[in-house]
Structure formats: C-alpha cells, structure tokens
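So the sequence shown is numbered by my numbering: it starts at 93 and just counts up by one.
Cβ coordinates follow ideal geometry from the N, Cα and C atoms, glycine included.
Everything numeric in this text was worked out from a predicted model, so none of it was measured.
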Amino acid sequence: MDRGGISIIDQQKDAIISAVKKITQGEWKVLVVDENAKRILDNTVKEADLLNNNIANIERIEEKRDMNPGMDAIYILSPQPHIVQCLVADFERRRYRRAFLLWTAILPKELSDMLRGAKSQIAGYKTLLVDFYPRESHLVTFQDPYSFPVLYHPSCNDLVAKHLQTLAQRIVGICIALGEMPKVRYYRPKNPTHEAAVLCTHLARFVQKELDAYQSFDPNFSAPTSRPQPVLVITDRSMDLVAPLVHEFTYQAIAHDLLPVKDGEKVTYCVTFNEGTDKAEEKVMELAETDSLWIENRHRHMIHTIEKLGGDFKKFLESNAHFTKDSSQTTMNTIKAMMADMPEYTAMKELYSLHVTMAQEALRVFGEDKIPDLAPVEQTLATGLDDDLKKPKNVLDQVVRLLDQDGIKPLNRLRLIALYILYRDGLIPEDINRLLAHSSLPQSEADKILNFDLLGAQTTHGLKDARPAPPPLFPRTTINIPQEEEYITSRFEPAVKSMLEDLCRGSLDPDSFPYTNPPPDVAEESLASQASLRSAAPRWASANRRQVENRQRIIVFMAGGATYSEARACYEVSEKLNRDIFLATSHMLSPELFLRQVGDLSVDRRRLGLPMDQPKPRPPAHIFDPPTPPAPMSPPFGVGPGGSRSPPVGVQPPSNSLAAMTLNGPASQYPVPPQLVNGGPDQSGASIPPDSGKPNKLSKEKKLRGLFGKKK
93 MDRGGISIID
103 QQKDAIISAV
113 KKITQGEWKV
123 LVVDENAKRI
133 LDNTVKEADL
143 LNNNIANIER
153 IEEKRDMNPG
163 MDAIYILSPQ
173 PHIVQCLVAD
183 FERRRYRRAF
193 LLWTAILPKE
203 LSDMLRGAKS
213 QIAGYKTLLV
223 DFYPRESHLV
233 TFQDPYSFPV
243 LYHPSCNDLV
253 AKHLQTLAQR
263 IVGICIALGE
273 MPKVRYYRPK
283 NPTHEAAVLC
293 THLARFVQKE
303 LDAYQSFDPN
313 FSAPTSRPQP
323 VLVITDRSMD
333 LVAPLVHEFT
343 YQAIAHDLLP
353 VKDGEKVTYC
363 VTFNEGTDKA
373 EEKVMELAET
383 DSLWIENRHR
393 HMIHTIEKLG
403 GDFKKFLESN
413 AHFTKDSSQT
423 TMNTIKAMMA
433 DMPEYTAMKE
443 LYSLHVTMAQ
453 EALRVFGEDK
463 IPDLAPVEQT
473 LATGLDDDLK
483 KPKNVLDQVV
493 RLLDQDGIKP
503 LNRLRLIALY
513 ILYRDGLIPE
523 DINRLLAHSS
533 LPQSEADKIL
543 NFDLLGAQTT
553 HGLKDARPAP
563 PPLFPRTTIN
573 IPQEEEYITS
583 RFEPAVKSML
593 EDLCRGSLDP
603 DSFPYTNPPP
613 DVAEESLASQ
623 ASLRSAAPRW
633 ASANRRQVEN
643 RQRIIVFMAG
653 GATYSEARAC
663 YEVSEKLNRD
673 IFLATSHMLS
683 PELFLRQVGD
693 LSVDRRRLGL
703 PMDQPKPRPP
713 AHIFDPPTPP
723 APMSPPFGVG
733 PGGSRSPPVG
743 VQPPSNSLAA
753 MTLNGPASQY
763 PVPPQLVNGG
773 PDQSGASIPP
783 DSGKPNKLSK
793 EKKLRGLFGK
803 KK
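Dropping the structure here:
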C-alpha cells in the first residue's frame, strides 16, 4: 500500500541535520537540548547522525553541566519561559564560548527580549519550525491528546484562541518541511447546532495568516514546480463521529482497537519469544517505519494479512528447507514453533514472531468479544444500508438482541448504542436510559453519549418532535461495492476518504469546504483539478519516477484526533488517484480513548489535568548556583579537530553585524527570516567560521565520542 516518494519523517530529519551541519562545518561543538526538543529529535534523528556531524556531546539544558568556555554550543530548544531562563543562566555564566540558537517553534517577543543582554554571545539564531512528530511517512501527530478537551469542552473557551495559534504554527511547520505553500480549504458544517462549528473556520484563518507571514519573509520559498498546487484541508472530529466507533478490520486499526498496543512517543507491543520454553523472553517491539512487515500489511484486511504472513513464511521455509521437513503446514501456531529453532535469523525471526503473535492474539480477541456478531449491525448503522445494500429493517430488534447477548464487552455495548443513536439522529431520553439499562451499563455512561451534542450530533429530541433527518455530508453509493464476505463487514468508509476523492476529482462542495482565499473562478479550479488527475495517471513504466515527483501534495489536518481507519483511507486515495496525501492530527484515537474523551467533556475542568492549568514549569534551582571553575585543559587538547589549534578560551568580540542584531521579531510573529529553516544567512548576520583543518579522522571521531558521550 505505501509507495515511494517523499516522507515527512525524512523531511524533518533533513531539516534538523542540515541546520546542525551548516553550523558545525567540520568543527566540534556541544549540542544542548531541552526535554521537549529531545523528544522531537529522538522521534526522527538518531544520535549517531548528530555525532557524525561534529557534535562532541549532547547535554540537557535542565541538568547540571560542566563549564566549557572553550567550545561553541548549538542549542536546540523549545520556546518555553523556563527554558529561556535556563539559557539566560548559561549566558550569565558564559558556560560556552558562543551560542548558536535553533528554536523548534517561534519564540514569542516577550521571551526573545530576555536575550537582549546576551547579543555578544549569540553567533546564530534560527527558527526550525519542527514542533511536530512524524509517525509514518505520511502521518504526523502533535502528541497532544489534551487538544480535544481544549477545543470542545465548554469550560475551555478561554484557552481556544492561543491553542489555535499553536496548532496553526505546527501545521505551517509541516507545510514548510514539505516545501509547500498550499491553498487552504476548511470544513464548514451546514446548519450547525454546536458551538465548536466555527472551529475549522477560525483555525483556517490562523493558518492562512501564518502562511502569508512566512511567504512575506521568504517570497522565493516555494519554488516553481511541475506539480499541481498543493492543498491543505482543515477539518475536525465533528465531520465524522462514526469512524472512531465502528470496528475496522484492517491490521493496524484492529491492533490498536483489540490489543494492548502502547501508543505513546513510540508505538510498541510486548511479545514473548520462545514461549513455553526455558528460553522464553519478553521483549518490547516497536511498530515503526523500519519494520517492513508492518508497512506491507498494516492496511490489509486481517484475512489477507494472515494469508500474506503465512505465504511469506512458507516461501522462506522453501528456500531454507533444513528448518522443517514439512513446509506446507504454516498455521500461526506452527510458524511460532518453527521460529524458536531459528537463532541465526534473529532479526527476521523477531519480526515474524511479533506479527504472527499479534495476528493470532487479534483473532482470539475477535472471537471472544463476539465481534463477528457485532460487525454486520455496526455496518448497517454506519452506512444506513443492510448487507444487501438496501434500506435496513428491524434495526432496533437487531441492536437489542446484541445487547442481550453474553460475551459482548461493556465498551462494545456502548459503541453499539452510540452508533444507533447517531443512526437515528437522536432518541427521547427515556429510550436512551432503557438501552443503557438493557445493556447493564451504569447511567453515568449516558454522558459519553449525550456529550456527542458538543460535537454537532443530535442525541435527544422530544417525543413529538418532527424533523427530517439531515442529509449526509457525502451521500453513499452502492456502485462497485465488492460482495465478498470480508467486504460486507467493511462497507463503511471514513468521511475523509469521500472528501479526498471529491477533492481530487474537482467536485468537493465549495459551500461545505470553502477556501480561505477563493480562486477567481471555482469552476476553472475544478477543471484544473480534473486535468491534474488525468496528467497524473500512470502511462508507462519508464515514467514512474517522474510520476512520483509530479504528484500533487494534499495535507489533511484533523483537529480533535484522527483514527487509523482515516490514516488508511489517506494512503488508499494516494494510491488510487496518484497523489501524495499527508494526514496530520493532534493525536491518534482508539475507540476507547475517543469515548473517554467525549465523556470528559462534561466533567469539571479542574479534573481534566490540562497542562495549561498546572503550575508553570520552573527552571531547576541548580542553574542559579555559582559556576564551578572548569578543570585545567590538558596539553593534547590544545590541538583541535583536523590538527588545527583550538580557539582560545574566552568570548570572541562580536562582528559589527552581530553587534547590530535584533532578537525581537516583527509583528508577524516570525523572529527570523524564514529562509533559515532551509538554509540561508543567520539572522544575526554573523558568519560561521569554516573548518580550519583537514577532514577529521574516524579514529579521532571515535575517541571524542568516547570522551564526550555514548552512541545510541
């Protein structure tokens, strides 16, 4: 499913590494990071990538560090008040010779003003705009689940404007990393009933303002290209409330739904190798882009995933016949048993063991939780069509029978009730209570359903209320729906898939998805989209590379969290319509997390534990301690890398241009020229000294690594 081409992981990594290389230029420097910046680096950059570019040591600004006035420091920092205080303390103690400042996001003026007294020590200053976490080649998260309550909780209105500004800057950071200046469209619901209906409108305006500001600082940023103009579509969770509730049967989605997959800074699963033997060993494995089996199978239906794993393993056995006398028996259990006898193929063995174990466990839970019984009714409620693709009958009877059935977990009962209420466009409150009681669910669970009102759903109505059901945002079609059994239980597709298909075909409703800057002629814009669709269609094998490079890029931002079914849909439309589609969101949702967050929309704000309601982080007390004098340098260190003499200890006098530098940015929020993100002069105007010696020897590099830090 995943194809070659641009990867947001590589783009962010290249932006960081190139910024470091531009500063080091063959001379050793210390790298200083804070906790948040380190998380960003750890997500895409290996420590070896930094050490191989003349980074002698990596230090944390919040921790105690030795004085090192004879060496320059590169700071990669997040723009937080307590981090800037730590930086000021370094300047006051002249901890390093000179400082090159790289900010992960825009430094507010009030914080940049704190650095005015240290201009003589600042040799370079850039804003990288890398405050986001690529998870897959075309999937980005902000690792911020608190975004959901900030956007939708009625008591958080005072936090929304600042949060939208932060979201806008992160979204623009993704655009900059991809080298794109897109047109912006956004979701505008028709006849909205909820306060957050204006969320996408306001966020789109924030984003457009940030894009315009960036373009004004770097008019040549987005170079002419043969690709069609990129598009950024801003939508939010209210566009599709069904996707987080329905069971999805592709491998990645079902793993996050049914298995204890840890979805934190890394996505991991704990697997036991050599289970049932005296060599049994538990190991936490990462589900990452480096795992070829994961990439190849994550968007496959579970049936085909199991077939593919078994088929691939059978091929391996046929090419290594000494492992078994009978390679035809490749069930999940036999594969696991054979794996225990393959010590010399450790890496391959671990990957197959991981995915065979996950597939086997998913099938077990799938059966135990009666999901085959739930799936047909869920699909009917989600699509409004029965198995025969006709208007369903006796839906309530089917729902009640399932609620009566033993073995169905409380979470799945609640998901079913929520789907039924969305399908009916609301019930009278008494009927909701009856369904909860029939399910043996506590009345407290009602909040998880009634709070859907805050996301634009109609959950309740009066007994005699008569109103037509609202038309669907994307009318469902029964054309070309496969009739195979696995597809009958996978008829539902997330709204984002229909949105992208309409966008690529030039038929996306401009009333529901207007532009921030409307084109002169929307009809002409539609024709251009259709023309680009034709020009992007595959024609001959030799043009594959050009087709990849010429694909239009589309960025979808889903405020309030996205699902793995929506990520899968983006990849599928990319493949089908020859586009590069990137999904960005605050955080990834599982059904359980989604329902919990919806339920929390009615709890007291003080119980949410929002970071912005907590005491502000303070710099550690030790940064105010008197500095420890540096240890005398031994004679061998008088010789710098490449055989050159080390620069003299002490602060170098600033150049005229450096002395004249200003750190407070213009009113548009950009404190540095945007070209600094992808190269160009430093804001300070200071030149970075070139390498003064010969290329460093590998042996010397290893020696310095041994002295200053360990490799990951």
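The stretch 244-276 is shown to contain whole alpha helix (DSSP H) runs of 4 or more residues at 249-269, in chain order. In this structure, GLN300 and ASN609 form a Cβ contact; the two beta carbons are roughly 7 angstroms apart against a cut-off of 8 angstroms.
Taking a 10 Å sphere around the C-beta of PHE716, we find fewer than 16 other C-beta atoms and assign the residue as exposed.
When rounded, the separation of the alpha-carbon atoms in ARG507 and GLU184 is 58 angstroms. Under the three-pair Cβ rule at 8 angstroms, the stretch 640-658 counts as touching the stretch 586-602.
Around the beta carbon of ILE647, a 10 Å sphere encloses 16 or more other beta carbons of the protein chains shown; the residue is thus reported as buried.
Short of 6 angstroms from the beta carbon of THR360, and not among the five residues preceding or following it, lie these beta carbons of its own chain, in chain order: LYS354, VAL376, GLU378.
For TRP195, the enclosing beta strand (DSSP E) has its first and last residue at 191-195.
For ILE263, same chain residues with a beta-carbon under 6 angstroms away, outside a window of 5 residues either side, are VAL299, PHE649 in chain order. Taking the C-beta atoms as reference points, GLN172 is found nearer than 8 angstroms to PRO709. Here TYR279 carries a coil assignment [DSSP, helix/strand/coil]. Taking the Cα of ALA651 as reference, the smallest distance to any Cα among ALA129, SER330, ARG671, LEU385 is reached at SER330. By the neighbour-count criterion, in which 16 or more other beta carbons inside 10 Å mark a residue as buried, TYR579 falls on the exposed side.
As a beta-bridge residue in DSSP terms, THR233 pairs with TYR225, THR677. Across the set MET273, GLN689, ARG643, ILE268, the C-alpha of ARG643 shows the shortest separation from the C-alpha of SER318. Bridge pairing for PHE365: GLU373 [DSSP]. In the three-state reduction of the DSSP assignment, HIS294 falls in the helix class. Under the three-state reduction of DSSP output, ASN160 falls in the strand class. The criterion of a C-beta distance shorter than 8 angstroms is not satisfied by LEU519 and THR472. Here SER212 is actually not in contact with GLU272; their C-beta atoms are around 38 angstroms apart, not less than 8 angstroms. A direct Cα-to-Cα measurement between SER110 and GLN550 gives close to 51 angstroms.
Across the set LYS114, ALA561, VAL276, ASN366, the C-alpha of VAL276 shows the shortest separation from the C-alpha of THR327.
HIS348 is bridged by DSSP to nothing; it lacks a bridge partner.
Counted as a single uninterrupted DSSP element, the stretch harbouring LEU508 is not any beta strand (DSSP E) but the alpha helix (DSSP H) occupying residues 502-516. In its chain, beyond the 5 residues on either side, ASP383, LEU385 have a beta carbon closer than 7 angstroms to the beta carbon of LEU443.
In this structure, DSSP gives LEU533 a state outside helix and strand, which the three-state scheme calls coil. Separation of SER99 and HIS230 (C-alpha to C-alpha, rounded to the nearest whole angstrom) is 6 angstroms. With a contact defined as Cβ atoms closer than 8 angstroms, PHE224 and GLY265 qualify at about 6 angstroms. Within the stretch 299-348, the beta strand (DSSP E) runs of at least 3 residues that lie entirely inside it are, in chain order, 323-328.
Excluding sequence positions up to five before and after PRO711, its CB lies within less than 6 angstroms of the CB of HIS174, GLN177, CYS178, all in the same chain and listed in chain order. DSSP places ARG152 in the strand class (E or B) of the three-state scheme. With 16 or more other Cβ atoms from the protein chains shown falling within 10 Å of its own Cβ, MET450 counts as buried.
Shown here, TYR238 sits in coil according to DSSP, grouped into three states, outside any helix or strand. Boundaries for ALA215: no alpha helix (DSSP H) harbours it, while the beta strand (DSSP E) harbouring it runs 214-219, taken from the DSSP string.
For the options LYS114, GLU151, ILE108, GLU155, the alpha carbon positioned closest to that of LEU133 is the one of ILE108.
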